[in-house]
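Novice: Keeping their order, the protein sequence lines are chains A and B. Residues 16 to 225 in my numbering are what the first sequence lists, from first letter to last. Residues 12 to 308 in my numbering are what the second sequence lists, from first letter to last. Mind having a look at this structure? Questions to follow.
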Amino acid sequence: MRKYFNYIWKLSVSLLLVMVFLINSGKISATANDAMTQLQKAVDAILVILQSEELRTPERKDERKQLVLDVVNEMFDFRDMARSSLGQNWNSLTQEEQNRFVGLFTSLVEQRYIGKIDSFDNQKVVYRKQLVKGDKAMIYTDIVDKDLEVPIIYKLQEIEGKWLIYDMKIENVSLIVNYRKDFESIIRKEQFAGLVDKITQQLEKLETQN
Amino acid sequence: MIYYSRCLKSRIFDRCNEKEQLNQSDLEHILILQVCVLSFLLFFGAHAWADNLTLEVSAPSLVAASEASLLEIDAKADESAWQDEENWDEEWDTGATIADPLEPLNRFFFHFNDKLYYWVLKPVARGYSAILAEEFRISIGNFFDNLLSPGRAVNCLIQGEVKDSSVELARFVLNSTAGIFGFGDFARDILDLRSSEEDTGQTLGYYGLGGVFYIVWPFLGPSNFRDSLGKIGDAYMHPMIYFDADWEVTVGLWTLDKVNYISLTLGDYELFTETALDPYAAVKDAYQQYREGQIKN
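See the structure below:
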């Protein structure tokens, strides 16, 4: 149980840091083709932004959140993530259903991590190594907090000269594989329609909570 | 952490002084002084020991050897990482899902634990964190973590990791003394000795035992057949067992450990389960993946 909570904490922190990385990545991707350099520069730059007192004021909270979300949408390959989270079921969907699902999936993942932005508190990122094979890269990092060290592996894919994240493993737990099992469990009983209903309900519930 | 060790140490000294002023029995304060001296000796002894360690390692041949073996390990790990990657698309259908013959019962206990969290543990942890500063709670976490070291050392040894085993042992000795009963992680902060986080469940996994089937225990949470067996092994290697404590004490300490842990991770459980569609399935998979990862390392 302890370990499991640990995992959840780590999952949250890590996506927060991805978001951090994303805010500035747009500027950097043009100059650096190396995935690791890109990540590193971006994280450094965005740590500065997250620490900026100006953006921390309650009035600018939504602005900061939106800023993060805009860039997240640009840097994560949400379509590919949605596709692999559905597995074989994806192919049986119409184009329209696929598009709708990508939207829902994106909101769901965003919700999982958006709550963590406010609790960001000077965590540091250590870059351990990157493995590159053709158009794929894996970047090994550690997030260092007061009492914890969280290993995170980012998986990126180069598409038209731009590195896009398509999965991340936090303490060896893959975000996509985890959602795949989650969705499978719903689809088995309630088919794809049931899954869509469930995500919609869940998102509404989270909206009203916030 | 160092700061706390120092605080605690100075507190011991303060007490020595008080005792002198109070003119208590000589025997008593000699004993206390001995403890102080001993912990200081250990403190500096550890430094000396660490210096020796670096000297030894910096012998050129050793460096070459260790680097070569490290590279080898790295290359192997990298290869397996890419293999996982190549299975990415195939994983769609064949992804290892642990058997769950007890699902109805497991779901019941999952629900029970969920309510336990929201109705009992969370409010308690909130009150607890309101009265105790985060630094103290981290120290308490360290204390409980330190008690797992002997078991970890044994498990490293059984898995043939002699070096990791000695690191665990050193961590236990140093943190229990220089780290003041394990409240400070002296070994990590000063000597950069890191725990390998092994346990008996991982040892069984290392020797090829799969999870067999998934189990959700009331109070204890997600587990599987292998890790439940492992827990029994871990319990036998836990120092508490040698104190022959009453079960009330054991349960009390376990609860403190748990509440303390939750107080440091408030909000994470909620976020994860609320953004999962079938939280039971999501937790089951997270547990499975997490343990697989630990066994591989």
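Quick reminder that beta carbons are idealized off the backbone N, C-alpha and C, glycines included. Note that this is a predicted model, so its numbers are computed, not measured.
Any beta carbon of chain A sitting closer than 8 Å to that of B/G212?
Specialist: Here residue 212 of chain B corresponds to residue number 201 of the second sequence, with the count starting at 1. Not an interface residue.
Novice: Per the DSSP calculation, A/E230 is bridged to which residue(s)?
Specialist: The structure shown does not extend to residue 230 of chain A, since chain A spans only 16 to 225, so no value can be given for it.
Novice: Between which residues of its own chain and B/S69 is the CB-CB distance below 8 Å, once the five residues before and five after are set aside?
Specialist: Stepping through the second sequence from its first residue, residue 69 of chain B is reached at position 58. At B/S69 the pLDDT is 37, less than 50, meaning the model places this residue with poor confidence; the figure from the coordinates comes in the next sentence. So the list is empty, once near-sequence residues are dropped.
Novice: Let me know if B/G212 comes out buried or exposed under the rule of 16 or more other beta-carbons within 10 Å of its beta-carbon.
Specialist: Numbered from 1 along the second sequence, position 201 holds the residue referred to as residue 212 of chain B. Buried, by the Cβ-count rule.
Novice: Pull up the CB-CB distance for B/K269 and B/L132, whole angstroms please, since I reckon it's below 8 Å.
Specialist: As a first step, residue 269 of chain B must be located in the second sequence, where it is residue number 258. As a first step, residue 132 of chain B must be located in the second sequence, where it is residue number 121. So it is a contact: roughly 7 Å between Cβ atoms.
Novice: From the DSSP output, which residues share a beta bridge with A/I104?
Specialist: For the purposes of this step, residue 104 of chain A is identified with residue 89 of the first sequence, where counting begins at 1. Contrary to the premise, residue 104 of chain A reads as Asn rather than Ile in this sequence. The partner list for A/N104 (beta bridge, DSSP) is empty, contrary to what the question assumes.
Novice: Rounded to whole angstroms, what's the CA-CA distance from B/W228 to B/F120? Just pull it up for me.
Specialist: Your numbering for residue 228 of chain B matches position 217 in the second sequence. Your numbering for residue 120 of chain B matches position 109 in the second sequence. Roughly 7 Å separates the two Cα atoms.
Novice: Would you verify that the beta carbon of A/N137 is, or is not, closer than 8 Å to some beta carbon of chain B?
Specialist: Counted from its first residue, the first sequence places residue 137 of chain A at position 122. No, A/N137 lies away from the interface with chain B (no Cβ there is under 8 Å from its Cβ).
Novice: Whole angstroms is fine: what's the gap from B/Q299's alpha carbon to B/V260's?
Specialist: Translated into positions along the second sequence, residue 299 of chain B becomes position 288. Translated into positions along the second sequence, residue 260 of chain B becomes position 249. So the two alpha carbons sit approximately 31 Å from each other.
Novice: State the DSSP-derived secondary structure class of A/L82, mapped to helix, strand or coil.
Specialist: Locating residue 82 of chain A in the first sequence gives position 67, where the first residue counts as 1. Looking at A/L82 - three-state DSSP - the assignment turns out to be helix.
Novice: Sort out for me which residues DSSP pairs A/I153 with in a bridge.
Specialist: Counting from one through the first sequence, the residue named residue 153 of chain A turns up at place 138. For the sequence presented, residue 153 of chain A should be read as Met rather than Ile. Its beta-bridge partners are A/L146, A/K170.
Novice: Run through chain A and tell me which residues come within less than 7 Å of B/G138, C-beta to C-beta.
Specialist: Position 127 of the second sequence, counted from the first residue, corresponds to residue 138 of chain B. Chain A residues near B/G138: none, gap ~18 Å exceeds 7 Å.
Novice: Within 10 Å of its beta-carbon, does B/Y272 have 16 or more other beta-carbons around it, so buried, or fewer, so exposed?
Specialist: Counting from one through the second sequence, the residue named residue 272 of chain B turns up at place 261. Looking at its Cβ environment, which holds 16 or more other Cβ atoms inside 10 Å, B/Y272 is buried.
Novice: So with CB distances below 8 Å, who are the chain B contacts of A/I214?
Specialist: Position 199 of the first sequence holds residue 214 of chain A. By Cβ distance, chain B contributes L288.
Novice: May I ask you to verify whether the segment 173–187 of chain B touches the segment 204–219 of chain B, counting CB pairs closer than 8 Å and requiring at least 3?
Specialist: Segments in contact, yes.
Novice: Given a limit of 7 Å on CB to CB distance, which residues of the segment 119–151 of chain B reach chain A?
Specialist: Result list: I149.
Novice: Going by Cα to Cα distance, which pick from B/N308, B/E90, B/P290, B/V173 is closest to B/G216?
Specialist: Walking along the second sequence from the start, residue 216 of chain B turns up at place 205. Comparing Cα positions, the closest option is B/N308.
Novice: Which stretch, first to last residue, makes up the alpha helix (DSSP H) that contains B/V227?
Specialist: Locating residue 227 of chain B in the second sequence gives position 216, where the first residue counts as 1. No alpha helix (DSSP H) contains B/V227, which is instead part of the beta strand (DSSP E) from 225–228.
Novice: Within 10 angstroms of the Cβ of A/W178, are there 16 or more other Cβ atoms? Answer buried if so, exposed if not.
Specialist: To locate residue 178 of chain A, count along the first sequence from 1; it is residue 163. Classification of A/W178: buried, given that the 10 Å Cβ count is 16 or more.
Novice: Going by the DSSP bridge assignment, what does A/M183 pair with across the sheet?
Specialist: Residue numbering aside, residue 183 of chain A sits at position 168 when the first sequence is read from its first letter. DSSP, once it has assigned bridges, lists A/Y169 as partnering A/M183.
Novice: Using the beta-carbon of each residue, which ones in chain A are nearer than 9 Å to B/T108?
Specialist: The residue you call residue 108 of chain B lines up with position 97 of the second sequence. Ordered by position in chain A, the residues that pass the 9 Å Cβ test against B/T108 are K196, E199.
Novice: Determine the burial state of B/L73: buried for a count of at least 16 other Cβ atoms within 10 Å of its Cβ, exposed for fewer.
Specialist: Position 62 of the second sequence, counted from the first residue, corresponds to residue 73 of chain B. Low confidence applies to B/L73: its pLDDT is 40, below 50, so where it sits in the model is not reliable, and the reading given next is rough at best. Exposed, since its Cβ has fewer than 16 Cβ neighbours within 10 Å.
Novice: Should B/I142 go down as buried or exposed, given a rule of 16 or more other Cβ atoms within 10 Å for buried?
Specialist: On the second sequence, residue 142 of chain B is found 131 positions in, with the first residue counted as 1. Looking at its Cβ environment, which holds fewer than 16 other Cβ atoms inside 10 Å, B/I142 is exposed.
Novice: Taking buried to mean at least 16 other C-beta atoms within 10 Å of its own C-beta, is A/E186 buried or exposed?
Specialist: As a first step, residue 186 of chain A is located in the first sequence; it is residue number 171 there, counting from the start. Result: buried.
Novice: For a quick check, are the C-beta atoms of A/F91 and A/I180 less than 8 Å apart?
Specialist: In the first sequence, residue 91 of chain A corresponds to position 76, counting from 1. In the first sequence, residue 180 of chain A corresponds to position 165, counting from 1. Yes; because the gap between Cβ atoms is below 8 Å, this pair is in contact.
Novice: Just curious, the beta strand (DSSP E) that B/N157 is in, first and last residue?
Specialist: Within the second sequence, the letter at position 146 stands for residue 157 of chain B. B/N157 -> not in any beta strand (DSSP E); alpha helix (DSSP H) instead, spanning 145–157.
Novice: What are the start and end residues of the alpha helix (DSSP H) that includes B/N140?
Specialist: Position 129 of the second sequence, counting from 1, holds the residue named residue 140 of chain B. Just to set this straight, residue 140 of chain B is Ser in the shown sequence, not Asn. Counting along the chain, the alpha helix (DSSP H) containing B/S140 begins and ends at 133–142.
Novice: If we count the other Cβ atoms within 10 Å of its Cβ and call it buried at 16 or more, is B/I149 buried or exposed?
Specialist: By 1-based counting over the second sequence, the position of residue 149 of chain B is 138. Burial call: buried.
Novice: In terms of residues, what are the limits of the beta strand (DSSP E) holding B/S206?
Specialist: Counting from 1 along the second sequence, the entry for residue 206 of chain B is found at position 195. B/S206 -> no beta strand (DSSP E), and no H or E assigned at all.
Novice: Going by alpha carbons, who is nearest to B/Y188 out of B/N157, B/I252, B/K242?
Specialist: Mapped onto the second sequence, residue 188 of chain B falls at position 177. In the sequence as presented, Tyr is not what sits at residue 188 of chain B; that position holds Thr. Ranking B/N157, B/I252, B/K242 by Cα distance to B/T188 puts B/N157 first.
Novice: For A/D160, which residues in the same chain have their Cβ closer than 6 Å to its Cβ, ignoring the five residues on either side in sequence?
Specialist: Indexing the first sequence from 1 puts residue 160 of chain A at position 145. Counting only Cβ-Cβ distances below 6 Å, and skipping sequence neighbours, we find Q138.
Novice: Using a Cβ-Cβ cut-off of 6 Å (strictly less than) and excluding sequence neighbours within five positions of B/R118, which residues of its own chain qualify?
Specialist: As a position in the second sequence, residue 118 of chain B is number 107, starting the count at 1. Closer than 6 Å at the Cβ level, and outside the excluded window around B/R118, lie Y291.
Novice: Which one or two residues does DSSP pair with A/K139 in a beta bridge?
Specialist: Working through the first sequence from its first residue, we reach residue 139 of chain A at position 124. Answer is A/V159.
Novice: Starting from A/S189, find everything on chain B with Cβ-Cβ shorter than 7 Å and list it in chain order.
Specialist: The residue given as residue 189 of chain A occupies position 174 in the first sequence. Per Cβ cutoff of 7 Å: Q300.
Novice: Which first and last residues belong to the beta strand (DSSP E) in which B/P161 is found?
Specialist: Taking the second sequence and counting its residues from 1, the one referred to as residue 161 of chain B is at position 150. Run containing B/P161: none in the beta strand (DSSP E); it sits in the alpha helix (DSSP H), 160–169.
Novice: For B/D89, return the contacting residues in chain A, with the cut-off set at a CB-CB distance below 9 Å.
Specialist: Counting from 1 along the second sequence, the entry for residue 89 of chain B is found at position 78. Result: K144, L146, M153.
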